[in-house]
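Chains as they are written, first to last, in this note's numbering: chain B, -14 to 173; chain X, 524 to 629.
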């Protein structure tokens, strides 16, 4: 509690509110879609019946588990609290983190959302706090978080651009997943 | 034979003496003990952090979670509005210090 570092990202996502809400409500499907289109191994798995607690990975450099503790897509604000392990440059960092994610339609732009992601981490000691507050380090962390959001963006773009045709023929997807994707594509 | 008998008697004396010692010891008057003081509660580091946060940010303390503030080491920093921002925000949204997932686990 003595040390805290905040990483904030504000940007836009070219996806409709309805489609983002659908992906946020089914993170394993979202992770599978990103892995399929971006060829970056993402995984997500719910570990409770309510689908609020999940564990996930992004390649070998990021893993963790998190719980949706407050908010919803209806409110367009979600709070996740979790524990993560991230390899950033030469450091492997682990510890609790709180994410506050808000989004809203971008003014004057159709199917574009502006978002703000605030990530609060609690370094265990002064040395790690010093490292995590370094401008260079912050830049690396922010680029890693942005990478995830860009992967979501690219996936959404590929899906919207007709990328689902091959997907629906592929044996990589279960009939249940295909049904969900068809539902997803019906959304504005 | 005489030697054996002497040795036997000596061993018997040692045995009797050994047996008596605890009895004599038990019979000694006990020193007067002072009035027992209540044991200091054991406060873990994470509990200390938690309690200082809820006290410092003015959040409701779940019953039984924190000892008397006088028994907890104070932090070297101040819980100002910036440091309390997220905790207060979550508390206002119903995610308080007693939350089963996010709150402190005793």
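The C-beta atom is built at its ideal place from N, Cα and C for all residues, glycine as well. Keep in mind the model is a prediction, meaning the values are calculated, not measured.
State buried or exposed for residue i, treating a residue as buried only when at least 16 other CB atoms are found within 10 Å of its CB.
i	result
residue 609 (chain X)	buried
residue 600 (chain X)	exposed
residue 542 (chain X)	Confidence in residue 542 (chain X) is poor, its pLDDT being 43 and thus under 50, which makes the residue's placement unreliable; the coordinate value appears in the next sentence. That one is exposed.
residue 43 (chain B)	buried
residue 32 (chain B)	exposed
residue 591 (chain X)	exposed
residue 613 (chain X)	buried
residue 146 (chain B)	exposed
residue 4 (chain B)	buried
residue 29 (chain B)	buried
residue 581 (chain X)	exposed
residue 11 (chain B)	buried
residue 546 (chain X)	The predicted model places residue 546 (chain X) with a pLDDT of 41, which falls under 50 and marks its position as unreliable, so this point remains unresolved.
residue 18 (chain B)	buried
residue 8 (chain B)	buried
residue 624 (chain X)	exposed
residue 620 (chain X)	buried
residue 594 (chain X)	exposed
residue 69 (chain B)	buried
If residue i and residue j are in contact, beta carbons under 8 angstroms, what's the gap, nearest whole angstrom?
i	j	result
residue 20 (chain B)	residue 13 (chain B)	The Cβ separation is near 11 angstroms, so there is no contact.
residue -10 (chain B)	residue 117 (chain B)	4 angstroms
residue -12 (chain B)	residue 130 (chain B)	At roughly 19 angstroms, the Cβ-Cβ gap does not stay under 8 angstroms, so residue -12 (chain B) and residue 130 (chain B) are not in contact.
Starting from residue i, follow its DSSP beta bridges and name the residues at the other end.
i	result
residue -3 (chain B)	B:99
residue -9 (chain B)	B:105
residue 28 (chain B)	B:42
Query raised in the report: Are the segment 105 to 115 of chain B and the segment 72 to 81 of chain B touching by the rule of at least three beta carbon pairs closer than 8 angstroms?
Result: yes
Query raised in the report: What are the complete alpha helix (DSSP H) segments, minimum 4 residues, inside the segment 30 to 118 of chain B?
Result: 111 to 118
Report task. Evaluate the contact criterion for the segment 82 to 92 of chain B versus the segment 55 to 64 of chain B: three or more CB pairs, one atom per stretch, below 8 angstroms. Result -> yes
Query raised in the report: Does the segment 31 to 44 of chain B touch the segment 154 to 162 of chain B, meaning 3 or more C-beta pairs lie closer than 8 angstroms?
Result: no
Query raised in the report: How about the segment 45 to 55 of chain B and the segment 134 to 148 of chain B: do they share at least three Cβ pairs that are nearer than 8 angstroms?
Result: no
Report task. Flag this pair as touching only if the segment 95 to 106 of chain B and the segment 51 to 60 of chain B have three or more C-beta atom pairs under 8 angstroms; answer yes or no. Result -> no
Query raised in the report: Counting only runs that start and end within the segment 565 to 608 of chain X, where is the alpha helix (DSSP H) found for 4 or more residues in a row?
Result: 568 to 579
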